[in-house]
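Chains as they are written, first to last, in the numbering used here: chain A, 1 to 616; chain B, 1001 to 1194; chain C, 2001 to 2076. Think of the CB as a built atom: it goes at the ideal place given N, C-alpha and C, for glycine as much as any other residue.
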Amino acid sequence: MSHSILRAPIVRGLFWAVVGFVLAAALVGGIRTAMGLDFWNTTVDWVIAYPVALLGWLMGVGVWPQWGREWLGGKAEPYALTGWQRYFGFSPDHKVIGIQYAVTFIVLFLLAGLAAMLIRIELAQPGLQLFTSDQYNAAMSFHGITMVAVAVATLLGGFGNYLVPLMIGARDMAFPRLNALSYWLVPPVAILLVIAVGMGGWDSGWTAYPPLSEVNKEGQVLFNLAVITFGVVSILGGINFLVTVTYMRAPGLTWFRLPIFVWGAISASLISFFFTQAFAAALLMVLLDRALGTSFFRASGGGSALLYEHIFWFYSHPAVYVMVLPGFGAALEILSHMSKKPLFAYRWAAGAMLGIVALSGIVWAHHMFTSGMDPALHAPFLVLTELISIPTGLIFLSALGTIWQGKLWLQTPMLFALAFVFNFLLGGVTGIYLADVPTDLHLHDTYFVVAHFHYTIVGGEIFALFAALYYWFPKFTGRMYSERLGKIHFWMMFLGFQLTFIPMFRVGIQGMNRRVADYPAAYGEYNLFISFAAFLLGASFLFFTWNMLASWFRGPAAAANPWRASTLEWQVSSPPPEHNFDEIPVITGDPYGYGGAGPAHNRPLGGLAAGSEGGS
Amino acid sequence: MTAAHSTVHGAEGHASPARLLRMNRMGLWLFFASDALVFALLLSARFYLDGLHTPPEVKQILGLVMTSILLLSSLTAYRAETAIEHGNIARGRSMLLLTAVMGSVFLAGVVMEWMLAEFSPGDGYGTAFFSMTGMHAGHVASGVLLLLMARRQASAGKFDGGGTRAWGASGIVMYWHFVDVVWVFFYPVLYLIH
Amino acid sequence: MSMHGADAEQREQSAGVRVIAILAVLTIIEYIAAIAIGASVPLLVVLTPIALVKAWYILKDFMHLPRLWADEEEAA
């Protein structure tokens, strides 16, 4: 028994990671000693030894036997893991990888949510209760970056990987082993962030602005390495989706017959493969400044911290669309199937997603109106930013047109999808005040901003994520969740969310600053209320977790197509067979053939064609 | 579940070799586009930090020699690819080796330049110079390793017959050319403008 | 490319030599321009198109960019 545990992929990966780290650190130490420096320097050692450790981890966890041997002209071992062990090893199966992403990031979501609860305990009263200021900054920073990662990767990495090949009638992704490699880069990211917190954390938030990020504690170095690694995950994943959808669609599945979720995945992939490296490059520059003494951002050496903000936001604004575009896709998908109506203005919605991709790259400086950049940039970035409301509005109209006069089936996924529409409207409208320079000068760095982006990312993307989670849970696990617990989760989360974040708009307008552990006593009553509402929001996830665990292990078996939906993933068993389709389906109609001539739903595979009259 | 699994998972299961080649090609080009943005950001940082200023201490002759070596190595890489695509594995192997050697000479040039540099990484130009040449050299070093891997695969018979089977070598050679394209822009920006 | 003939290979090899000759000439022009032109902007005006042309030749002839949109059979 102990023998087999020692051979487990994760154990091997950890072993080789440690070996790689120790060897590299020893080498660095030896050279440093020879140069008359200290043996150990946290920054330099981590920057050099971590990539070696990462390589060791990847090879140990399964890249070497299943792929690496081929690079040297040898033969790779066949993939041999079965049953539950697949989830703990290097598996090329997109369905296994999808579940790996989804479970990993939901665990991280709960962990970062716990950090949010601690933050709310601290903020319930003026003064310091739970944390020192430094610990507060660490908790806030950990919450921020972990939630950003969750928002970027759960829908696209988890649901995208699981569903896109099924929805396009393919047997897997274009590059299955690259896909597995991308996933196995994720645990090191989580481990680094946890070690960083253990080392006392870092206090520069998820944005890591210099000059602070160049002079603070070494936790910052680990943060930078973690995020650069995560950037690689995002880029490789994006490339994989784009090639998959371009070349592996089933016969007859033209671009405008793709389910809208696939369009969401394509749009998000376009952004993640083309913009993510900016964040990575900015953090790399910080590392170079710290480790080699370059002066990208050090004013004393002629550098400029503004340069960082430009590079950082060049990615980090588009990043919100990496988060939210798959959310749009999932929500529209569910609204259509649960209203039993074709998706309204399908082509406009798909085009709007591409429009958002195009605009996303030219709006970044609206985050910098108060930074001291050239005021000549204010007006163009104001206008460009507001332009985004046009494609976003199209998606809204598509959502509203879809539910209009539909037979709404108010199961848990539909409730979440409807809440997504409501929340994102509030998030979008409040965004206008932040895109407008005159109001932003007042609102910048206040809780208004916090409330706004929580409405877009949590109210929008995370609600869509839970809609997707309940909707596809039967497909993923082959079991049905408890509708009662799902509805309790929904109402607690929905109410808790509104009660938490609406008052934040108010205190934000009154001038309460974000990212500070303490605040003037005048904000005390509001904050106490917000904290209690936040605990309600947090408590809803107890029901969620219970529901998920109990249903996965003991829930009733799910039918192949419990929602009587028309897209391809529902035409195979739950969970789908090993190779998805015994025979690659041939597509002759659009994916939302409701309301057409014949009974449109619940057709056998291949009959998906029939409802094409019902299309958009 | 079975041993057959790994062949069915993925495109190998149901795509023709020609289709598979196109997929690999598209993936690689997307990677190039993605990687190019990192270099483009470093390049813009050079202008942002230090404008057009190039200190007179920059070693012009060394720069020109290194540029020439890297350009020439693209020719040998091209010869390797062409030979392997036509099934001429023996010539392909020797050309891959020659390319890797030239890449190593280029790397030696970078090291020499760093040791001779009369400007520090702490000023504007130095920041740009060391980070840009460093990032580029990192790519050259990985390229050398990849070329040696391709040579090893060629010896093991992976490219026998050429045609679509030559992709493994072809992709690595494309990566080598990509690193060369980066240098086509970096060379004037770091050495020539003033 | 289905031909395995030495002829086809020879033809492609000499195409490569032609490209490298162009690259060499352009590099020498770059180097001389940097010495001969003192003002910043005119030098940029000369160097930028040269770099773009060099990159284009490598992308097109060495990296086979057109193969991306060639027919599937030809592309192989």
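If one requires a minimum length of 3 residues, no beta strand (DSSP E) run lies completely within the stretch 219-263 of chain A. Under the DSSP assignment, residue 554 of chain A falls in the alpha helix (DSSP H) whose first and last residues are 524-554. Look at residue 1180 of chain B: its C-beta is under 8 angstroms from a C-beta on chain C.
The three-state secondary structure of residue 515 of chain A, taken from DSSP, is coil. Residue pairing by DSSP places residue 557 of chain A opposite A:479 in a beta bridge. Proximity of chain A to residue 1096 of chain B at the Cβ level (cut-off 9 angstroms) is not reached, the minimal Cβ distance being about 13 angstroms.
Excluding its 5 nearest sequence neighbours in each direction, residue 316 of chain A has C-beta neighbours in its own chain below 7 angstroms: 279, listed in chain order.
Interface annotation, residue 2040 of chain C: in contact with chain B, CB-CB separation under 8 angstroms. Contact check for residue 1162 of chain B and residue 1085 of chain B: beta-carbon distance about 5 angstroms, within the 8 angstroms limit, so the pair qualifies. The Cβ neighbour count for residue 525 of chain A, taken over all protein chains shown within 10 Å, is under 16; the residue is labelled exposed. Between residue 66 of chain A and residue 90 of chain A, the beta carbon gap of about 6 angstroms places them in contact (Cβ cut-off 8 angstroms). At a cut-off of 8 angstroms, the C-beta of residue 1193 of chain B has a neighbouring C-beta in chain C.
A Cβ-Cβ distance of about 6 angstroms is found for the pair residue 514 of chain A and residue 449 of chain A, placing them in contact under the 8 angstroms criterion. Neighbours of residue 204 of chain A in chain B, taken as residues at a C-beta separation under 7 angstroms, are lacking, since the least C-beta distance is about 20 angstroms.
The continuous alpha helix (DSSP H) containing residue 100 of chain A extends over residues 94-123.
Of the other Cβ atoms in all chains shown, 16 or more fall within 10 Å of the Cβ of residue 86 of chain A; this residue is therefore buried.
Of A:53, A:388, A:470, the smallest CA-CA separation from residue 189 of chain A is found for A:53. Residues of chain B with a Cβ closer than 7 angstroms to the Cβ of residue 235 of chain A are, in chain order, 1034. Rounded to whole angstroms, residue 331 of chain A and residue 1043 of chain B show a C-alpha spacing of 40 angstroms. Contact between residue 1049 of chain B and residue 277 of chain A fails: their C-beta atoms lie close to 19 angstroms from each other, not under 8 angstroms.
Here the stretch 548-556 of chain A does not lie against the stretch 134-154 of chain A, with fewer than 3 beta-carbon pairs under 8 angstroms apart. Contact residues of the stretch 1072-1095 of chain B toward chain C are 1072, 1074, 1075, 1077, 1078, 1079, 1082, 1083, 1085, 1086, 1087, 1088 (C-beta to C-beta distance below 8 angstroms). Straight-line measurement puts the Cα of residue 372 of chain A at about 16 angstroms from the Cα of residue 380 of chain A. Within the DSSP bridge table, the entry for residue 446 of chain A names A:513 as partners. Within the stretch 291-305 of chain A, 292, 293, 294, 295, 296, 298, 300, 301, 302, 303, 304 place their CB atoms closer than 9 angstroms to a CB of chain B, listed in sequence order. Residues of the stretch 1103-1123 of chain B that bring their beta carbon within less than 7 angstroms of a beta carbon in chain A comprise 1121, 1122, 1123, in sequence order.
The beta carbon of residue 1152 of chain B sits closer than 8 angstroms to some beta carbon of chain A. Distances from the CA of residue 469 of chain A to each of A:358, A:76, A:155, A:125 were compared; the closest alpha carbon is that of A:155. Residue environment for residue 129 of chain A: exposed (fewer than 16 other C-beta atoms within 10 angstroms of its C-beta). By the neighbour-count criterion, in which a residue is buried when 16 or more other Cβ atoms sit within 10 angstroms of its Cβ, residue 84 of chain A is exposed.
Apart from the 5 residues on each side of it in sequence, residue 1174 of chain B sits with its Cβ closer than 7 angstroms to the Cβ of 1028 in its chain, given in chain order.
Taking C-beta separations shorter than 6 angstroms and ignoring five residues to either side along the sequence, the partners of residue 296 of chain A in its chain run 285, 289, 303, following chain order.
Separation of the CB atoms of residue 2047 of chain C and residue 2030 of chain C is rounded to 6 angstroms, and the pair is thereby assigned contact status at 8 angstroms. When Cβ pairs closer than 8 angstroms are counted between the two stretches, the stretch 203-213 of chain A is seen not to touch the stretch 244-260 of chain A, the count staying below three.
Legend: CB atoms of the stretch 235-249 of chain A lying less than 7 angstroms from CB atoms of chain B belong to residues 235, 239, 242, 243, 246, 247, 248. Interface flag for residue 2029 of chain C against chain B is unset, since no Cβ pair is found closer than 8 angstroms.
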